[in-house]
Structures are given as C-alpha cells and as structure tokens.
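S.K.: The number in our numbering is simply the position in the first sequence, starting from 1, with 80 added.
Where is the CB? At the ideal position from N, CA and C, for every residue including glycine.
Pasting a structure here, questions to come.
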Amino acid sequence: MKLLELDFLSDDTLSAAKYLLGKEIVTYIDGEETGGYITEVEAYLGLEDKAAHTFSGKVTKKNDMMFEPYGHIYVYTMHGHSCMNFVTTVDRPEGVLIRGIEPSRGIEVMEKRRGRTDHLTDGPGKLTKALGIQRNLHNGLKINGDTLCIMPGKTPDTIAETPRIGIDNKEEAVDYLYRFIVSGNPHVSKFKGKPVADNGWK
DNA sequence: CCATTGATCGCCT
DNA sequence: GGCGATCAATGGG
C-alpha cells in the first residue's frame, strides 16, 4: 500500500487540516491492523490561538511534542482519554486534532477494544482507543513508521467549516471556523440527521 | 500534599 | 440537554 507524502504538513496548518479529510490512518499495534478514513479534524494555531495547549508558548511536560517538527504525533490525556494530533510546521507549535474517522480495517478488533459495536470512532477519545493509541506509548511517534501510517484514502465531496467543540471558555477563539468535517458523513462528533449518499465521499 | 482543571464519554431524564 | 466518572498535569501551600 502506498504511503502519503507528508510535505503538506510543513507549512499552513489550516490547509493541512482540510487536506487530511479522507486520508486513511492505519495502525499496527499489538499485532493487529486497524484503520479508518478521516472524517473530522480541528486546527490549533499555537501562539495565536487561545484554545491551543501551546498558546502561552511555554513548553511543559504535557505539550512538549507540539514543539517538534511536522511528521510527529502529539498524544495527550484528558478526562481519562487519549487524543491524537498531527504536528504541523517546522518552527511553530501548531497541529491538527483528529476527531473522527470512518472505520475501514480491523473493525472486529476495534469493536473489541471499544467494548461496543456502534459509535466506534466518532470522537477524539473513541478513535484513539479503537486504534490502540495511548499517550504513554505513542506520544511523539513518527508518522509512516512501523506503528502508524497515512495512506491516500478517499476524497470528500463537500467540506463543511464549523466552530470547534469543547472550548466554550476560550473567549474570541470560540468563534474561529477551525473545525472541518466531511459534510453528511455520520462518523463525526454529535452527528444528527441522515447520512448523505456514499457518506459524503466522491 | 491537596485542589483544580480540561481539545471527553456515556448514560440518564 | 444534563451530569458524573476519570486521570494526568499543573499550581499553590
């Protein structure tokens, strides 16, 4: 299977976030292959963005991987869940949070890891658990190594831009349209209504 | 050492 | 739509 070139992560984080929609994330963890097509992402713009973990510019034990160059992942724990970002740029602490994927490989394994058969990967804490990602093992991992790869995947028909979720206390940053989803795909946070034809893929 | 704080989830009404 | 569980990191005493 062909791996995706990672150059698109090197410069503009908002463009990289949109480009990631439809790409397939595949993990090889505990001898199991699991994966899915990205349906929902959010961009976090470091020093200019009050909602970002790196807004202060201070390096802490929690956020230090955000200061690595693109091609690494940043995994953090909150409320007992792991969440995964792709780090972007070479000189700024910016990244893209992966919030939803559409299951494509190893679905039975993901059902077992999640302990249920519905809503496997429609949230940032859910998809990391389904894919086997944990902060203590995988924070700072390099993309396209032995453990986690990105492949070309599918192409979204329509991309919708919305405010981000769960940052209601972040003043003006609450209004930024930094959340991008595949329009009509049901594998996104708080999905309501009916899925569109082909789940919104071309 | 203890209290508070989240880029959340899942079950309840 | 509300709320409790849950946990690592952080900051104050």
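So, for His-267: in the same chain, excluding its five sequence neighbours on each side, which residues have a beta-carbon less than 7 Å away from its beta-carbon?
M.R.: On the first sequence, position 187 is the one that residue 267 refers to. Counting only Cβ-Cβ distances below 7 Å, and skipping sequence neighbours, we find Thr-119, Gly-180, Ile-181, Glu-182, Thr-201 and Asp-202.
S.K.: Thinking just about the alpha-carbon of each residue, which of Glu-241, Pro-173, Ser-162 and Gly-116 is nearest to the one in Asp-144?
M.R.: By 1-based counting over the first sequence, the position of residue 144 is 64. With distances taken between Cα atoms, Asp-144 lies closest to Pro-173.
S.K.: What are the boundary residues of the beta strand (DSSP E) that includes Pro-183?
M.R.: Translated into the one-based positions of the first sequence, residue 183 becomes position 103. Boundaries of the beta strand (DSSP E) harbouring Pro-183: 174-185, taken from the DSSP string.
S.K.: Report buried or exposed for Gly-115, applying the criterion of at least 16 other Cβ atoms within 10 angstroms of its Cβ.
M.R.: In the first sequence, residue 115 corresponds to position 35, counting from 1. Buried: at least 16 other Cβ atoms inside 10 Å.
S.K.: Could you spell out where the beta strand (DSSP E) holding Leu-228 opens and where it closes?
M.R.: As a working mapping, residue 228 is identified with position 148 in the first sequence. Residues 228-231.
S.K.: Just to confirm before moving on: does the CB-CB distance between Thr-107 and Leu-217 stay below 9 Å?
M.R.: The count along the first sequence starts at 1 and reaches residue 107 at position 27. The count along the first sequence starts at 1 and reaches residue 217 at position 137. Going by C-beta atoms, Thr-107 is not nearer than 9 Å to Leu-217.
S.K.: Taking the alpha carbon of Asp-171 as the reference point, which residue from Val-254, Thr-157 and Met-146 has its own alpha carbon closest?
M.R.: By 1-based counting over the first sequence, the position of residue 171 is 91. Cα-wise, what sits closest to Asp-171 is Met-146.
S.K.: Specify the secondary structure class of Tyr-99 as computed by DSSP and reduced to three states.
M.R.: As a position in the first sequence, residue 99 is number 19, starting the count at 1. Tyr-99: helix per DSSP, three-state reduction.
S.K.: DSSP has Thr-235 in a bridge; who is on the other side?
M.R.: Stepping through the first sequence from its first residue, residue 235 is reached at position 155. None; Thr-235 has no bridge partner.
S.K.: When you compare the CB positions of Tyr-150 and Met-164, do they come within less than 9 Å of one another, or not?
M.R.: Looking up residue 150 in the first sequence gives position 70. Looking up residue 164 in the first sequence gives position 84. The answer is no: Cβ separation not under 9 Å.
S.K.: Is Thr-114 helix, strand or coil by DSSP?
M.R.: Locating residue 114 in the first sequence gives position 34, counting from the first residue. Strand.
S.K.: Go through its chain and collect everything with a Cβ distance to Phe-88's Cβ below 6 Å, but skip five positions before and after it.
M.R.: Position 8 of the first sequence holds residue 88. These residues qualify, in order along the chain: Ala-96 and Tyr-99.
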